[in-house]
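Engineer: Quick one: structure below, then a few questions.
Chains as they are written, first to last, in our numbering: chain Y, 813 to 1120; chain X, 1494 to 1769.
As structure tokens, then:
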């Protein structure tokens, strides 16, 4: 596993966790590249949070192995380079926002001078500048989530793990999380986003893994060209020979008069396909890729039965 | 480094929640009561023309009673302040934000330990100091071997703290409190069974007491402390409830020390390995 570790932020092999009789994570095999925004998707109870906790050393795996930033999980020093927002961020409610970040900064071993700079910056970033002297006791759920996010970015980490970062946030807060994730991408930071809000994941992630019962069912890129795409086609003068020739790109062709529906392996093939049709003398009126929404993909891959 | 941050947080929590202030106020009330009681006792005994030896022994007994109250208070305070620290933070998930920082679990535990030991030391120093100063001022007497006695009481509190931290890695706050104070209660009763048994020359009762001390040696530390601090005359005549009818041996004190260290070690081990 060593050779690839400088390109990979996270790699796991058959990572497994059993709590008593209950198998929480069956066997997670996963690779997250450096500087990637990676989404971790699955129904409730799929083992997402337990998997994340194993990566962070909060939960000890029953079997399997995992490396984070090249170090085996459980390594204390590597945590200096990791930021983490737990699912329901809670902290000593008698601290003020500013003090909370101070405590976390000292736990990271950050120098006093650096903290004096970073803390006001981060409070501004997450929109809590005015509340810096307010105690956490008086914070709303959304404000707690925001201060949790600030805490996760304090050490300018190489890897940020966010477990349901938008829970409890209003639309403005969700937008903020999205912007922050984008800013991390520009910094070259790897982000592991654990979320069941598919819309959120769709707009932020480069790649996603669908997990169920603690197994990766499928992982795929999310950019437009990736994966099978359904294409709507309207054309006349399409001979049966021409139609048969489409099989070079399409795995499935169905027709209804002059309307056709194709499934192509990748949207990258569309220009080639158009050229082919025109060269064969077809009159092309419409060639429309229909990108599958992440929700469709999710339901297709994970199924409709909800997690428990 | 991480341990000092956690120790600081523990201290700051006590200050912020006004725990220290309240403990101090309760302590002042305690000292006021103690000094008033001792003052009137001395005055009344002199008024009845009692001999100086009796007046002095009465004062020494009164001081021992005060120190016993301080001992019980310190033990209960130690257990009360630390009982929720691990189980509560594990239950609320607060610990997750701490345990994912570059600080080992041992350091987190050590930090909390340092914080609680620090607070308990301050509390004990003020309470023992208060009793001793007031007693000297009123009666001109100081307990013998005061530092040794106070150290033994301090050890008793640390022993209880370590037990509470160990239970806190596994049980809920309430269960932890019930277990720790329940065990201390057992030791307390065992101590008295041993004392009374020794006074009545019942060897089997003494054995029952010793078994209780082996299960939980906290109270035997107090009894050794009382033995060290008591009036030599009372010790020789064997007439006080704090007397040495059956003094815990040095072996028992050594055992208590090992017991204390073992539970801190077990707490660190269990906390390092458990899922959070």
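Where is the CB? At the ideal position from N, CA and C, for every residue including glycine.
What is the residue span of the alpha helix (DSSP H) that residue 1681 of chain X lies within?
Structural biologist: As a position in the second chain, residue 1681 of chain X is number 188, starting the count at 1. Looking at the DSSP string, the run of the alpha helix (DSSP H) that includes residue 1681 of chain X is 1666-1692.
Engineer: Anything in chain Y within Cβ reach of residue 1577 of chain X, meaning under 8 Å, just list it in chain order.
Structural biologist: Taking the second chain and counting its residues from 1, one reaches residue 1577 of chain X at position 84. Simply none; closest approach about 12 Å.
Engineer: Exposed or buried, what is residue 975 of chain Y when buried is set at 16 or more other beta-carbons lying within 10 Å of its beta-carbon?
Structural biologist: Within the first chain, residue 975 of chain Y is the residue found at index 163, counting from 1. The residue in question, residue 975 of chain Y, is buried, as its Cβ has 16 or more Cβ neighbours within 10 Å.
Engineer: Could you name the residues of the segment 1566-1600 of chain X whose beta carbon sits closer than 8 Å to any beta carbon of chain Y, in the order they occur along the chain?
Structural biologist: For the segment 1566-1600 of chain X, which is checked against every Cβ of chain Y, the residues closer than 8 Å are 1585, 1586, 1587, 1589, 1590, 1591, 1592, 1593, 1594, 1595, 1596, 1597.
Engineer: Would residue 1011 of chain Y and residue 985 of chain Y qualify as a contact pair, given that the criterion is a beta-carbon distance under 8 Å?
Structural biologist: Locating residue 1011 of chain Y in the first chain gives position 199, counting from the first residue. Locating residue 985 of chain Y in the first chain gives position 173, counting from the first residue. No; because the gap between Cβ atoms is not below 8 Å, this pair is not in contact.
Engineer: Return no unless some Cβ of chain Y is closer than 8 Å to the Cβ of residue 1637 of chain X.
Structural biologist: Within the second chain, numbered from 1, the residue matching residue 1637 of chain X stands at position 144. Judged by the 8 Å Cβ criterion, residue 1637 of chain X is not in contact with chain Y.
Engineer: Using the Cβ count rule (16 or more neighbours within 10 Å means buried), how would you classify residue 1753 of chain X?
Structural biologist: Start at 1 with the first residue of the second chain, and residue 1753 of chain X comes out as number 260. Looking at its Cβ environment, which holds 16 or more other Cβ atoms inside 10 Å, residue 1753 of chain X is buried.
Engineer: Apply the 10 Å Cβ neighbour rule to residue 824 of chain Y and answer buried if 16 or more other Cβ atoms are within range, or exposed otherwise.
Structural biologist: As a working note, residue 824 of chain Y is residue 12 in the first chain. Counting Cβ neighbours within 10 Å, residue 824 of chain Y comes out buried, since at least 16 surround it.
Engineer: On the three-state DSSP scale, how would you describe residue 885 of chain Y?
Structural biologist: Indexing the first chain from 1 puts residue 885 of chain Y at position 73. Coil, per DSSP.
Engineer: Roughly how far, in whole angstroms, is the beta-carbon of residue 1075 of chain Y from the beta-carbon of residue 1086 of chain Y, given that I think they are within contact range, below 8 Å?
Structural biologist: Taking the first chain and counting its residues from 1, the one referred to as residue 1075 of chain Y is at position 263. Taking the first chain and counting its residues from 1, the one referred to as residue 1086 of chain Y is at position 274. About 16 Å; that fails the 8 Å criterion.
Engineer: Taking three-plus beta-carbon pairs below 8 Å as touching, is the segment 1643-1658 of chain X in contact with the segment 1539-1556 of chain X?
Structural biologist: Not touching, per the Cβ criterion.
Engineer: Check whether the Cβ atoms of residue 829 of chain Y and residue 874 of chain Y lie closer than 8 Å to each other.
Structural biologist: Locating residue 829 of chain Y in the first chain gives position 17, counting from the first residue. Locating residue 874 of chain Y in the first chain gives position 62, counting from the first residue. Yes.
Engineer: Could you tell me which chain X residues have their CB closer than 7 Å to the CB of residue 918 of chain Y, listed as they occur along the chain?
Structural biologist: Counting from 1 along the first chain, the entry for residue 918 of chain Y is found at position 106. Within 7 Å Cβ-Cβ: 1498.
Engineer: Quick check: the Cα distance between residue 877 of chain Y and residue 860 of chain Y, rounded to an integer number of angstroms?
Structural biologist: As a first step, residue 877 of chain Y is located in the first chain; it is residue number 65 there, counting from the start. As a first step, residue 860 of chain Y is located in the first chain; it is residue number 48 there, counting from the start. Roughly 16 Å between the two C-alpha positions.
Engineer: Which runs of the alpha helix (DSSP H) fall wholly inside the segment 1033-1080 of chain Y and span at least 4 residues, in chain order?
Structural biologist: Here the runs fully enclosed are 1052-1057.
Engineer: By DSSP, does residue 972 of chain Y sit in helix, in strand, or in coil?
Structural biologist: The count along the first chain starts at 1 and reaches residue 972 of chain Y at position 160. It is a strand residue.
Engineer: Does residue 1766 of chain X come within less than 8 Å of chain Y when only Cβ atoms are used?
Structural biologist: Walking along the second chain from the start, residue 1766 of chain X turns up at place 273. True, the Cβ-Cβ gap to chain Y drops below 8 Å.
Engineer: Our contact map puts residue 964 of chain Y next to residue 972 of chain Y with C-beta atoms below 8 Å; I'd like the distance itself, whole angstroms only.
Structural biologist: On the first chain, residue 964 of chain Y is found 152 positions in, with the first residue counted as 1. On the first chain, residue 972 of chain Y is found 160 positions in, with the first residue counted as 1. Yes, they are in contact, since the Cβ atoms of residue 964 of chain Y and residue 972 of chain Y sit about 6 Å apart, within 8 Å.
Engineer: Taking DSSP as the reference, what is the three-state secondary structure of residue 823 of chain Y?
Structural biologist: On the first chain, residue 823 of chain Y is found 11 positions in, with the first residue counted as 1. The answer is strand: DSSP assigns residue 823 of chain Y an E or B state.
Engineer: Please determine, among X:1564, X:1531, X:1584, the residue with the shortest C-alpha to C-alpha distance to residue 1629 of chain X.
Structural biologist: By 1-based counting over the second chain, the position of residue 1629 of chain X is 136. It is X:1531 whose Cα lies nearest to the Cα of residue 1629 of chain X.
Engineer: If I follow the unbroken beta strand (DSSP E) through residue 1002 of chain Y, where does it start and stop?
Structural biologist: What you label residue 1002 of chain Y is simply residue 190 of the first chain in a count that begins at 1. Residues 1002-1006.
Engineer: For a quick check, are the C-beta atoms of residue 1760 of chain X and residue 1664 of chain X less than 8 Å apart?
Structural biologist: Against the second chain, residue 1760 of chain X aligns to sequence position 267. Against the second chain, residue 1664 of chain X aligns to sequence position 171. Cβ distance not < 8 Å, so residue 1760 of chain X and residue 1664 of chain X don't count as in contact.
Engineer: Using a beta-carbon distance cut-off of less than 7 Å, what residues from the segment 1527-1545 of chain X approach chain Y?
Structural biologist: Residues passing the 7 Å Cβ filter: none.
Engineer: Please identify, using Cβ separations under 7 Å, the residues of the segment 1503-1522 of chain X that lie next to chain Y, in order along the chain.
Structural biologist: Cβ contacts with chain Y: 1506, 1509, 1510.
Engineer: How would you call residue 1744 of chain X, buried or exposed, if buried means at least 16 neighbouring beta carbons within 10 angstroms?
Structural biologist: Indexing the second chain from 1 puts residue 1744 of chain X at position 251. That one is exposed.
Engineer: Reducing DSSP to helix, strand and coil, say where residue 1612 of chain X ends up.
Structural biologist: Sequence index remark: in the second chain, residue 1612 of chain X carries index 119 (1-based). Residue 1612 of chain X falls in the helix class under three-state DSSP.
Engineer: Pull the bridge partners of residue 1031 of chain Y from the DSSP assignment, please.
Structural biologist: Taking the first chain and counting its residues from 1, one reaches residue 1031 of chain Y at position 219. Y:1021.
Engineer: What are the partner residues of residue 875 of chain Y, as DSSP defines its beta bridges?
Structural biologist: As a working note, residue 875 of chain Y is residue 63 in the first chain. DSSP lists Y:828 as partners of residue 875 of chain Y.
Engineer: Taking 8 Å as the threshold (beta carbon to beta carbon), is residue 1754 of chain X in contact with chain Y?
Structural biologist: Position 261 of the second chain holds residue 1754 of chain X. Residue 1754 of chain X does not count as touching chain Y.
Engineer: I'd like the list of long-range same chain contacts for residue 1643 of chain X, defined as Cβ closer than 6 Å, with 5 residues on each side in sequence excluded.
Structural biologist: Translated into positions along the second chain, residue 1643 of chain X becomes position 150. Excluding residues within five positions, the ones whose Cβ falls inside 6 Å are 1621.
Engineer: Please classify residue 978 of chain Y as buried or exposed, where buried requires at least 16 neighbouring CB atoms within 10 angstroms.
Structural biologist: Walking along the first chain from the start, residue 978 of chain Y turns up at place 166. Buried, by the Cβ-count rule.
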